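When we follow our numbering, the leftmost residue of the sequence shown carries the number 10, and every step to the right adds one.
Just so it is clear, CB atoms sit at the ideal spot from N, CA and C, and this is done for glycine as well.
From a predicted model like this one, the values you see are computed outputs, not experimental measurements.
Accompanying notes for the structure given below.
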Amino acid sequence: MSVQKLNKIFKLAGITKEYVKPSSIQALKGIDLEVSEGEFVSIIGPSGSGKSTFLHLLGCLDKPSKGEIYIDGIKTSDLGDNELSIIRRDKIGFVFQAFNLAATLNVFQNVELPLLISEVGAGERRERVEILLKHVNLFDKKDHFPSQLSGGEKQRVAIARALANNPPVLLADEPTGNLDSKNSKDIMDLIRGLWLNQGLTVVLITHEPVVAAYGTRMIYLRDGKVEKEVKNKPRTASIDGIKEKKGG
Ligand SMILES: Nc1ncnc2c1ncn2[C@@H]1O[C@H](COP(=O)(O)OP(=O)(O)O)[C@@H](O)[C@H]1O
Ligand SMILES: [Mg+2]
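As structure tokens, this is what we get:
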């Protein structure tokens with residue numbers, strides 16, 4: 010059996026991020042990290058430790074003050090805004106705590122939006138959206154508007170939308186932060202299923218240990234630095250402990 014070297018989907022070297030407005034703050038203070046294709050990395054840390062800043066940099070939503078980020082071997086500092094938006098479109102799916110769905114579009118149209126932007130033809134769009142909605146078990150609610158969905162359903166739409174262009178990477182910023190315990194578990198089981206079955210690379214932020222435990226690797230951020238890294242046994246079964254999380 011040949012030993013296969015895993016591709017590095019992310020490589021970060023000496024990343025710092027300084028915000029100057031409204032006050033000068035060093036949100037990230039020198040991060041070196043590699044993420045291999047197919048990993049499920051959880052980023053854990055207290056509020057203000059730099060987690061969202063870190064994920065925004067991974068997703069090319071913002072640029073580091075210093076250091077270099079390689080995505081799939083591409084040196085992102087060499088890229089202009091157009092090229093960065095193409096990387097975002099083709100390689101990265103983003104899921105947020107607050108779902109960020111378009112209120113005036115129904116479920117089908119929300120998931121279709123990234124495909125419209127990518128100029129995918131109508132027939133292929135329909136086919137792709139229907140497959141995605143079946144994956145997240147929402148096909149029967151395709152005509153609902155976001156206001157007519159539960160929080161868990163909204164997040165399932167957001168996950169389907171994030172995966173519309175079939176990106177290799179899913180980045181999630183506190184995806185269960187606005188959900189009760191049952192919906193948190195359902196969303197994490199869904200993400201884990203997509204990771205297992207579709208070979209996604211997942212980087213997920215949380216401050217909840219039971220959510221972080223879905224990852225194969227847990228990275229603890231504190232005060233803009235990596236405090237420690239813990240390897241975790243890859244799981245194929247559900248984390249039942251998540252049931253104990255308080256609703257909210
Ligand atoms: N756009 C921004 N402008 C200025 N300061 C910011 C901005 N985003 C985050 N910060 C600051 O950077 C630090 C890290 O924030 P953040 O990455 O959001 O942390 P976390 O997601 O871990 O709560 C905090 O002190 C926060 O106030
Ligand atoms: Mg945050």
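- If one requires a minimum length of 4 residues, the alpha helix (DSSP H) runs lying completely within the region 14 to 80 are 60 to 67, in chain order.
- Taking a 10 Å sphere around the C-beta of Lys-143, we find fewer than 16 other C-beta atoms and assign the residue as exposed.
- The beta carbon of Lys-84 sits closer than 6 Å to no other beta carbon from its chain once the five residues preceding and following it are set aside.
- In the DSSP assignment, Glu-139 falls within the unbroken alpha helix (DSSP H) covering 131 to 144.
- At least one heavy atom of ligand 1 falls within 7 Å of the beta-carbon of Ser-61.
- Rounded to the nearest angstrom, the Cβ distance from Leu-110 to Ala-167 is 6 Å, consistent with a contact under 8 Å.
- In this structure Phe-19 is not in contact with Leu-37, their Cβ atoms being roughly 14 Å apart against a cut-off of 8 Å.
- Here the alpha carbons of Glu-128 and Leu-230 stand approximately 39 Å from one another.
- With respect to the C-alpha of Ser-86, the residue from Ile-24, Ile-140 and Pro-31 having the closest C-alpha is Ile-24.
- In the DSSP secondary-structure assignment, Arg-231 is bridged to Lys-234.
- The region 60 to 75 and the region 143 to 156 do not touch, with fewer than three beta-carbon pairs separated by less than 8 Å.
- Taking each of Leu-205, Val-116 and Gly-54 in turn and checking the Cα distance to Pro-155, the smallest one comes out for Val-116.
- In the three-state scheme derived from DSSP, where H, G and I count as helix and E and B as strand, Gly-102 is classed as strand.
- Distance between Gly-161 and Thr-210, taken at the CA atoms: about 22 Å.
- The C-beta distance from Ser-51 to Gly-224 rounds to 3 Å, short enough to meet the 8 Å contact threshold.
- At a threshold of 7 Å, Gly-39 does not count as near ligand 1, since its beta carbon sits no closer than that to any of the ligand's heavy atoms.
- In this structure, ligand 2 has no non-hydrogen atom nearer than 7 Å to the beta-carbon of Asp-232.
- The beta-carbon separation of Val-145 and Arg-165, rounded to 4 Å, stays under the 8 Å limit for a contact.
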